[in-house]
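Taking it in order: structure first as structure tokens, then the write-up.
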Amino acid sequence: MGLLDMFWSVCKCPACGTAMARKRFSTVQCRNPGCVNYSAQWQSTPDPTKKRWSQEPLRGSYDPGADAIELSYVNFFGDKKSFKGNKKTLRVRGKHVSVCLAPTGRRVALDRSRIQNAADVEAALKELGPEPSPKEARLLREYMGEDAEIAQYLELRKKYPGWAP
Ligand SMILES: [Zn+2]
Numbered sequence: 809m810g811l812l813d814m815f816w817s818v819c820k821c822p823a824c825g826t827a828m829a830r831k832r833f834s835t836v837q838c839r840n841p842g843c844v845n846y847s848a849q850w851q852s853t854p855d856p857t858k859k860r861w862s863q864e865p866l867r868g869s870y871d872p873g874a875d876a877i878e879l880s881y882v883n884f885f886g887d888k889k890s891f892k893g894n895k896k897t898l899r900v901r902g903k904h905v906s907v908c909l910a911p912t913g914r915r916v917a918l919d920r921s922r923i924q925n926a927a928d929v930e931a932a933l934k935e936l937g938p939e940p941s942p943k944e945a946r947l948l949r950e951y952m953g954e955d956a957e958i959a960q961y962l963e964l965r966k967k968y969p970g971w972a973p
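Numbering (our numbering), first residue to last: 809 to 973.
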């Protein structure tokens with residue numbers, strides 16, 4: 809990367825109108841092979857608008873530890889992926905299960921029919937037992953992690969020992 813590369817900015821191509829061009833002073837380079845501004849060099853440069861989504865590794869420090877469950881999943885494109893989730897956060901939502909995944913801790917919904925080790929997931933769900941009602945879940949979430957001596961909360965903890973937000 810030369811010093812002059814710093815002056816490039818991504819823009820809409822003035823010739824073909826796609827958002828796949830870059831500009832430096834009066835020079836425009838476009839990724840569209842059918843365009844007068846087409847540049848092979850620019851096309852071979854990784855698309856800066858896509859990079860963030862597909863290439864950046866997921867970061868975070870969320871670790872389910874002993875509550876980890878491995879999820880083997882085949883996505884819409886037929887790609888096999890393996891996820892590490894927290895089995896205490898498993899919830900059934902129609903044809904999906906939602907679960908918090910490492911390393912970000914973000915909750916995602918997975919199509920149950922695409923989970924390769926569905927039996928493990930079913931077993932974990934069975935272990936979790938019945939799900940608290942939305943009202944009960946709200947109370948549990950509110951006092952979680954505190955030494956709350958609230959009778960109603962302690963009762964719910966006893967009723968749903970495996971539950972995690
Ligand atoms: Zn163009």
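Ideal placement from N, C-alpha and C gives every residue a C-beta, glycine not left out.
For residue i, the three-state DSSP class (helix, strand or coil)
i: VAL929; result: helix
i: ARG901; result: strand
i: VAL961; result: Per the sequence shown, residue 961 should be read as Tyr rather than Val. The answer is helix: DSSP assigns TYR961 an H, G or I state.
i: ARG839; result: coil
i: ALA945; result: helix
i: ALA956; result: coil
i: ARG914; result: coil
i: TYR951; result: helix
i: GLN851; result: helix
Identity of the residues DSSP links to residue i by a beta bridge
i: GLY893; result: ILE877 and LEU909
i: CYS819; result: ALA829
i: LYS888; result: VAL882
i: ASP919; result: HIS904
i: TYR846; result: CYS838
8 angstroms contact criterion, which residue i and residue j should meet: CB distance rounded
i: ARG832; j: CYS819; result: So it is not a contact: roughly 10 angstroms between Cβ atoms.
(request) Flag this pair as touching only if the stretch 908-917 and the stretch 864-877 have three or more C-beta atom pairs under 8 angstroms; answer yes or no. (result) Because the criterion of three Cβ pairs below 8 angstroms is met, the stretch 908-917 and the stretch 864-877 touch.
(message) When you compare the stretch 836-854 with the stretch 891-899, are there three or more beta-carbon pairs, one atom per stretch, that lie closer than 8 angstroms?
(response) As far as the Cβ criterion goes, the stretch 836-854 does not touch the stretch 891-899, which means the pair count is below three.
(message) I'd like to know if the stretch 921-938 and the stretch 956-971 are in contact, where contact means that at least 3 CB-CB pairs between them fall below 8 angstroms.
(response) Contact holds: three or more Cβ-Cβ distances are below 8 angstroms.
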